[in-house]
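**Student:**
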Amino acid sequence: MTTTDAGGGAPFTAETFQNQFLGAGADMVDAVVTVAAAADPGAGGAATSMSKDRAEVVVVDCSGSMGSGRKIEAAKAAASAAVDVIEDGVAFAIIAGDHEAKLLWPTDGRSFGTASLADRDAARAAIGQLEAAGGTAIGTWLDLARRLFSSTGAEARHAILLTDGRNEHQTPYELTAAIEACRGLFQCDCRGVGVDWEVEELRSISTALLGTVDIVADPDELAADFRAMIASSQARSLPSVSLRLWAPQGAVVESLRQVAPEVVDLTATATSSGPLARDFLLGGWSPGETRDYHMRIKVTPGGVGEEMLAGRVSLVLSDGTIATQALIKATWTDDAELSTRMDRHVAHYTGQEELANAIQEGVAAAKAGDQKTATVKLGRAVQLAAESGHEDTMRLLREVVDVENAESGTVRLKAGAEKAAEMTLDTRSTRTVRLGKPEAAAEPAAPAEPAEPPEGGQPETGA
Amino acid sequence: MSTTATEASPCPACGEMLVPGARFCEACGAATGREAPEAAAGDPAVLDEAEGAAAGEVVGEEEPGAAACVRCGAPIDADGYCTSCGHRALEPVDVYDGRSLAYATHRGRRHHRNEDAGALATTAEGWPVLIVSDGVSASPNPHLASAAAVAAVAQSLGGRPFEGPADLAEAVAAAQEAAVAVPAEGDPNWPEDGTHPACTLVVVVVAAGEVHLANVGDARAHVLHADPAAAGGWTARQVSTDDSLAAAAVAEGADPTAALEAPGGHAITAWLGADAPKVEPHLGATPVEPGDLVLACSDGLWNYAPTDAAIAELAGTMVPEDGEPVLFAEVCERMVIWAVDAGGMDNICVALTGTTEEAAR
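For the record, the sequence lines run as chains D and R.
Be aware that the first sequence starts at 1, since it is given in our numbering, and climbs by one per residue.
Be aware that the second sequence starts at 1001, since it is given in our numbering, and climbs by one per residue.
(1) Output needed for R965/R: all residues of its chain with C-beta closer than 6 Å, excluding positions within five of it in sequence on either side, in chain order.
(2) Rounded to a whole number of angstroms, what is the C-alpha to C-alpha distance between V382/D and A1151/R?
(3) Inspect the beta-carbon positions of F21/D and T331/D and report whether they are closer than 8 Å.
(4) Assess contact between the stretch 333-343 of chain D and the stretch 263-274 of chain D, defined as three or more Cβ pairs (one per stretch) separated by less than 8 Å. Is contact present?
(5) Find out if the Cβ-Cβ distance for the pair G165/D, W141/D is shorter than 8 Å.
(6) Between the stretch 1264-1278 of chain R and the stretch 1176-1183 of chain R, do three or more beta carbon pairs fall short of 8 Å?
(7) Using the beta-carbon of each residue, which ones in chain R are nearer than 8 Å to P287/D?
(8) Would you call A1258/R buried or exposed, if buried means 16 or more other Cβ atoms sit within 10 Å of its Cβ?
(9) To the nearest angstrom, how far is the alpha carbon of W105/D from that of V57/D?
(10) So which residues of chain D does H1087/R contact, with C-beta pairs closer than 9 Å?
(11) Let me check one thing: in DSSP terms, what residues is M28/D bridge-paired to?
(12) Does the Cβ-Cβ distance between V246/D and G311/D come in under 8 Å?
(13) Buried or exposed, going by whether 16 or more other CB atoms sit within 10 Å of the CB of P1044/R?
(14) Under DSSP, the alpha helix (DSSP H) around D119/D begins and ends at which residues?
(15) Measuring straight from C-alpha to C-alpha, what distance separates T350/D and A336/D?
(16) In terms of residues, what are the limits of the alpha helix (DSSP H) holding T373/D?
(17) If you drop the 5 nearest sequence neighbours on each side, which residues of the same chain put their C-beta closer than 6 Å to that of A1329/R?
(18) Drop a sphere of 10 angstroms on the beta-carbon of A39/D, count the other beta-carbons inside from all chains shown, and report buried for 16 or more, exposed for fewer.
(19) Round the Cβ separation of H1087/R and R1113/R to the nearest angstrom and send it over; I've been treating them as touching at under 8 Å.
(20) Identify the contact partners of N1189/R in chain D, using a Cβ-Cβ distance below 8 Å as the criterion.
(21) Can you find at least 3 beta carbon pairs, one from the stretch 355-370 of chain D and one from the stretch 298-307 of chain D, that sit closer than 8 Å?
(22) List in chain order: all unbroken beta strand (DSSP E) runs of 3+ residues lying wholly within the stretch 156-232 of chain D.
(23) Any Cβ of chain R within less than 8 Å of the Cβ of T331/D?
(24) Which one or two residues does DSSP pair with S272/D in a beta bridge?
(25) Is it buried or exposed for V544/D, if we count other Cβ within 10 angstroms and need 16 for buried?
(26) Counting pairs of Cβ atoms below 8 Å between the stretch 1232-1240 of chain R and the stretch 1158-1165 of chain R, do you hit three or more?
(27) With a CB to CB cut of under 8 Å and the five nearest residues on each side skipped, what residues in its chain are close to K414/D?
(28) Check whether the stretch 214-230 of chain D touches the stretch 181-199 of chain D, taking contact to mean three or more Cβ pairs, one atom from each stretch, closer than 8 Å.
(29) Could you pull out every residue in the same chain whose Cβ sits closer than 7 Å to the Cβ of G1284/R, ignoring the five residues on either side in sequence?
(30) Just checking: is the beta-carbon of D1079/R within a distance shorter than 8 Å of some beta-carbon in chain D?
(31) Going by other Cβ atoms of all chains shown within 10 Å of its Cβ, with 16 needed for buried, is V264/D buried or exposed?
(32) Alpha carbon to alpha carbon, what distance is there between G409/D and R380/D?
(33) With which residues is R54/D paired in a DSSP beta bridge?
(34) Between the C-alpha atoms of Q352/D and I328/D, what's the straight-line distance to the nearest angstrom?
(35) Check whether the stretch 1218-1227 of chain R touches the stretch 1294-1305 of chain R, counting contact only when three or more Cβ pairs, one atom from each stretch, lie closer than 8 Å.
(36) Anything in chain A within Cβ reach of S1084/R, meaning under 8 Å, just list it in chain order.
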């Protein structure tokens, strides 16, 4: 375990969890690096607060399908609610999207308005004029958002994207190209209302644009959700940072995933920052926020007894300053006692990553009518959720399968499982639980279950 | 010490100015196409930082960034790793310079930590005492056992009149007591499997005209004798007796080299620690002449110089020609570096002193 920080008042700290001992000839190094932002951002000179220097864009689907149910009314209420909570002085704009995108507000030729009593009123009035008509071309909405954000020098740029349908009036390639063009320019939280949108489509946007994705099955919940998204965006008062990973000559970064609070595969987002280093954009941070990253690095094995620096993780602030570093090491040994131990953090998150995959594959198989695969995958998911004590995911799994034996992963697919339940499970499959500190977890659990024998703290997973 | 001074030139890959003589670019890690500096293989700069140790000074602080990687020649970063291949730079040799006696020790290349220990003392008569112990890797906390054993011997013999073999036997008994007292628990590198800390021991007292020694296990002592007729100017004779399966085989007529290479040849048959069946040190004395040197070492050195002839040859390359005063600390350090370069399979500890009147002060 390695801890480094830049001294008192460091804006970020990083800590490595790994078993650095490898057997002779082994070449795969696994490590979990926990990155934490300082609770008091004022302490870290370079990472000063910038609450006003931000721009918000709200993208509302107004395709024809939004006219069914209460969706368009709920979307209008939600967009207005978002406008209500945008802090004074923050730049904001509203996009209405169907088979094309239009700037709903401001209407006076500006790219952005500025949150004030008058501008909020004007924006709400424009939102009130929205009507549901037309198709769905999400890529065009992103294109317009990108053009707006390109015109602002705001340090923090955030969008909310709401849809109720598939990207029907565009090819998948056009959407992918639009997403790629937005990468690094702004962060985007995506929401699907109803059950006729594609989880995978929105997830591809939120993953690339460092945001969240969720289902809002009940339109009445939209307004509260929009308020919450704006609030958490405004809480990300620390400027965007990158994770730089140096690995030695000949090494290959097999994967780099954020694994807490949710799984986000960042591997493909690497940009070169020197022949032996690559940067991964992490987006903005809230003071006191903690995220965990799991990386696998394939190295050229050293001889028994040799020690190698397999990776150096640096947090790079937007001005190029290195805020903190953590080292990932490899030491080759012929002592199997040492090399076969698995670090509990690596084991835990390996299990959480498998859990997310098992759910996504299981739901996909169920949708495709492959009941056998769906049963196996969702059974495995139940097993992993039980092992890691992931109660939220377990609850969602129980909406889709009947659990006969969680420990062995024996389940039956629920005959009349609701589509919304399946989509909720899929959307939230990437959310992980953290591994508690052994000392803390060893404390007696809630007194509600006195008969249960102590579980020995957080269960080890991924065995 | 030498990196060949070469004219400064840019990296062929990225254009960054290269460190003179570097085989890899510091900025991008690309090979520069230059040959390895000639001295690099036999004389790694990182090991040389301990050079010129002052009397009694412990040299062990790494000077980050100053060194080049012994594997690929790229610079070493502030954390002690190569900026190109990532390999950890070898730490400098720990050198303990007592002027008229000295020892040096190093982890070597393959062990995670240095489990060898050395110590120096002088008797009330001013006679030098060399103490070397090798912690047994197949036991818990061997580094604590060896350190405790050498400290106990130094305390037992240091500053007291030396009256002969009985004092050495008493010192070994003190070392055994100290090794037994080392806890078996708490070693992250060894499971708690019922074994106890263990180590070997060699102790040499260089008295007037004779050398007294005691040893348990396979740490060795040699007397080096200047002999103009010998190839390298020196002859050597081992004065300790190995407690090893190889030594037992040789005693029954086996070829010494074959015996050491045989499976289990290095297994020791006696050691200090709670699991030792019975501690019966080899005690002995042998006459020496003025100008002779006395060497004590762990098998980290003698594995690469397993015979008297090989030790004599090594001494010939390390000890200056006639007339030059012998700088014991420097010779110890060079011998340790030589063993690291030879492969560094084990921890290395080398202690050296002389027998002249001058050296004894």
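The C-beta atom is built at its ideal place from N, Cα and C for all residues, glycine as well.
**Tutor:** A quick look at the data gives this:
(1) With chain R running from 1001 to 1361 in the structure shown, residue 965/R is simply not present.
(2) 59 Å
(3) yes
(4) Put simply, the stretch 333-343 of chain D does not touch the stretch 263-274 of chain D. Fewer than three CB pairs are less than 8 Å apart.
(5) no
(6) yes
(7) In chain order: nothing, as chain R lies at least about 29 Å away.
(8) exposed
(9) 10 Å
(10) P248, G302, E306, E307, M308 and L309
(11) When beta bridges are read from the DSSP output, M28/D appears opposite K298/D.
(12) Looking at the sequence shown, residue 246/D is not Val but Trp. The answer is yes: Cβ separation under 8 Å.
(13) Residue placement at P1044/R is flagged as unreliable, the pLDDT there being 31, under the threshold of 50; the coordinate-derived value follows with that caveat. Buried.
(14) For D119/D, the enclosing alpha helix (DSSP H) has its first and last residue at L117 to G128.
(15) Across the structure, T350/D and A336/D are spaced so that their CA atoms are roughly 21 Å apart.
(16) Q371 to S388
(17) A1053, V1095, D1097 and A1102
(18) exposed
(19) Not a contact, Cβ separation roughly 17 Å.
(20) The contacting residues are D335 and L338.
(21) no
(22) Correct list: 156-163, 187-193 and 213-216.
(23) yes
(24) Looking at the DSSP assignment, S272/D forms a beta bridge with R278/D.
(25) Outside the shown range of chain D (1 to 463) lies residue 544/D, about which nothing can therefore be said.
(26) no
(27) Closer than 8 Å at the Cβ level, and outside the excluded window around K414/D, lie E399, V400, V401 and D402.
(28) Taking a cut-off of 8 Å on C-beta distances, the stretch 214-230 of chain D touches the stretch 181-199 of chain D, as three or more cross pairs fall below it.
(29) L1213 and V1239
(30) With its beta carbon less than 8 Å from one in chain D, D1079/R belongs to the interface.
(31) buried
(32) 5 Å
(33) A156/D
(34) Their backbone Cα atoms lie some 21 Å apart in a straight line.
(35) Enough Cβ pairs lie closer than 8 Å, so yes.
(36) The structure shown contains no chain A; its protein chains are D and R.
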